[in-house]
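In this note's numbering, the protein residues as written are 1126 to 1558.
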Amino acid sequence: MNEYDSNRIYDITSKIGFHKTLEKNEADCLVLNTCHIREKATEKVYHEVGRVKKNFRNKKKPLIIISGCVAQAESEEMIKREPYIDIVIGPQSYHKIGDLIINYQKKKKKINATKFEVIRKFDELGKIPNSQNTISSYLTIQEGCDKFCHFCVVPYTRGPEYSRPFDQIMLEAKNLINNGAREIILLGQNVNAYNFKKNNKNFRLSSLIRELNDIKNLERIRFTTSHPKDMTEDLISCYGDCKKLMPLLHLPIQSGSNKILKAMNRKHDIKHYLSVYEELKNINKDFKISSDFIVGYPGETEKDFQDTINLIKKIGFVNSYSFIFSPRPGTPAAEKKINDITVSKKRLKKLQNTLENFQHDNNKNYLYQYCEVLIENKLDNQAKYFGRTKHMTPVIIESASCKPGELINVKITSCSQNYLFGFKIINKKVKAA
Ligand code: SF4
C-alpha cells in the first residue's frame, strides 16, 4: 500500500512543479513514506533523517517530509525530537501534500497534518489521474481496520475501515488499464471487508472482481490482504466464475494454535481457516495459499508452535512471510510478557526452513512443464525478460521477442527456491498450467 501511496504522493507533488530524481543528494524535497509494521520503524526514520542531514551538511537544506504510519503514530513528537523535519503527514492526509508544501514555503512554519480525513483524501485523489504505468498495478480500494488484532498498529495508524466508492475505483482501474496495466492488484489492509453501500445496494469485493473480469484488456486480477473471517461465499464463488482472478490467495493465519489465535484476538479459528482452504481447493485443485506467521507470540508453548508446523505441512503454503513477535507500543500485546528470544529464534528458523522446503518443492513441480507467464519487463542489456506465473512465482525467460504486457507460454527448464527459468514457446496450442 505504501508503494501505491508513494506513487499518488508523486502525482500530487508533480502538479506543483516537482519531478522525480535519482540523485537523492541533490533533491530539493525528500519524502520518507514510512511503515510502522516492522520492528524499530521509528528509529529507522530518525536514522535516515540523520543520514540526509549529513549528506546535505554543506548544501542548501532540503524540505524534509515524513509521511505514512510512523508519522501518524509519532506525530508532533517527530518535529520536537528532530528539528530537521519540516512536515509530518499521516496516511489519511497526504492528499494535502501540495498545499502543505506551498504553505511551508511561504511561512517556514513546521506542519503536523495527522488528522483522519480518509473520505476527503479519496475525493481529492479522484481529481488527479493515477500516473502509474506498470504492467502490474496497485489500486487501493479500502483502508483501515476494525479487527483490532492485539499485536497490530493498523487500526490506530490507518483508522477505521473505509471502502472507496465503487464507481471511483472502476474509473481508476480503467485509467490504469489505459496506461498499460494488464494486472490489477486490489489493495486494502482488510481488502475482503470491502463494502460500499449506494442506493440500498451493497457493493462487495466480489462485485468489483466481477466488473473487472469483464474488461477486455485486463488479463489478471489479484487482491491483498485478506482476513479469513471475511472470505464470504460470494467472494469464494468468484474463483469459479471469474477466469481472470488468479488462483493464489494471501490469507494470513499467524498461528496454527487456536489458543494463540484467541490470545491474538484474531476472530477466526483453525477449523474455519481449513474450511475456506478446502472450499477453494474444491473449486480449483491447483489453488495455492500464501500466509503470514508470527512466532513466539506471548504465551506460545512448544505445543502451540508444533501445531503451526503441522498446519504448514497440511496446507503447504507458498510465498509466505514470518517474523518473531515484537511489541508495538500502544497495542494490548505490548503489555504481555515476552517469550525467551533464544527459543523464539530457534522456532523461527525451523518454521522458515519448513516454508522454504515447500516453496522449493513447489518450484520443482514446474520443471519441464509449460506455464502461462505475464511479461512485466525486459532485463537490462540482456535477451531476457521478467514475468510471473498465475501463482506469482517470478520467472526469468530467455527470448529475443517478448513484449511487456504479453501473456506467453513458457517451458520451465530450471528453478531455484525463489525463481523459475525457462524459454518462450511460440506454439500457441501448448496447454499451459
Ligand atoms: S486484521 Fe490485519 S490489519 Fe486488522 S488488526 Fe488484524 S493484523 Fe492488523
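For each residue, glycine too, the CB sits at the ideal point set by N, CA and C.
Three-way DSSP call (helix, strand, coil) for residue i in this model
i, result
"F1412", "coil"
"E1128", "helix"
"I1227", "helix"
"G1441", "coil"
"Q1379", "strand"
"I1106", "A question about residue 1106 goes unanswered here, because the residues of the chain that appear run from 1126 up to 1558."
"T1138", "helix"
"D1417", "strand"
"V1278", "coil"
"E1523", "strand"
"S1261", "strand"
"G1175", "helix"
"L1337", "helix"
"V1555", "For V1555, the pLDDT reaches just 48, beneath the cut-off of 50, and the residue's location in the model is therefore unreliable, leaving the point undetermined."
Pair within 9 Å by beta-carbon distance, residue i and residue j
i, j, result
"N1342", "I1302", "yes"
"T1138", "I1222", "yes"
"G1424", "I1385", "yes"
"I1210", "A1238", "no"
"N1487", "T1538", "no"
"E1308", "S1351", "no"
"K1272", "R1391", "yes"
"F1348", "L1405", "no"
"I1162", "V1278", "yes"
"I1593", "K1387", "Residue 1593 lies beyond the range of the chain shown here (1126 to 1558); nothing can be said about it."
"K1178", "I1212", "no"
"C1194", "R1283", "yes"
Rounded C-alpha distance that separates residue i from residue j
i, j, result
"L1225", "G1441", "48 Å"
"H1144", "Y1135", "8 Å"
"Y1446", "P1285", "25 Å"
"S1524", "L1264", "30 Å"
"S1415", "A1318", "19 Å"
"E1128", "S1192", "12 Å"
"F1483", "K1475", "13 Å"
"R1345", "Y1493", "24 Å"
"K1354", "L1296", "29 Å"
"P1216", "A1196", "8 Å"
"F1256", "E1268", "The amino acid at residue 1256 is misidentified as Phe; the sequence shows Ser. Distance between the alpha carbons of S1256 and E1268 is about 21 Å."
"G1175", "F1181", "10 Å"
"I1521", "L1545", "6 Å"
"I1408", "Y1422", "34 Å"
Spatially closest choice to residue i from the options, by CA coordinates
i, options, result
"I1340", "L1360, Y1319, T1349, C1367", "C1367"
"L1473", "D1486, L1155, F1418", "F1418"
"S1332", "N1158, Y1510, P1372, I1361", "I1361"
"I1500", "S1526, L1405, F1483, N1478", "S1526"
"Y1398", "I1236, L1436, E1168", "L1436"
"E1481", "S1469, F1450, N1444", "N1444"
"L1376", "F1247, S1400, H1275", "S1400"
"N1315", "N1325, M1295, C1274, G1305", "C1274"
"D1394", "K1413, D1432, K1369, L1405", "D1432"
"I1466", "V1420, Y1510, P1454", "V1420"
"N1543", "I1533, S1382, Y1219, G1512", "G1512"
"A1508", "I1236, G1547, F1276", "G1547"
"K1462", "V1156, F1276, E1173, H1220", "F1276"
"S1288", "R1133, T1514, K1246", "K1246"
"P1529", "K1536, V1498, H1516", "V1498"
Short CB-CB distance (under 9 Å) between residue i and chain D
i, result
"I1414", "This model lacks chain D altogether, as it is built from one protein chain only."
Residue i beta carbon near the ligand SF4 (any heavy atom closer than 8 Å)
i, result
"Q1314", "yes"
"T1159", "no"
"R1133", "no"
"R1559", "Since the displayed the chain opens at 1126 and closes at 1558, residue 1559 lies outside it and no answer follows."
"T1350", "yes"
"R1391", "yes"
"V1420", "no"
"F1270", "Here residue 1270 turns out to be Cys, not Phe, going by the sequence shown. Under cutoff, so the answer is yes."
"C1277", "yes"
"F1273", "yes"
"P1454", "no"
"P1377", "yes"
"P1187", "no"
"P1290", "no"
"P1579", "In this structure the chain extends from 1126 to 1558, so residue 1579 is not present and cannot be described."
"P1280", "yes"
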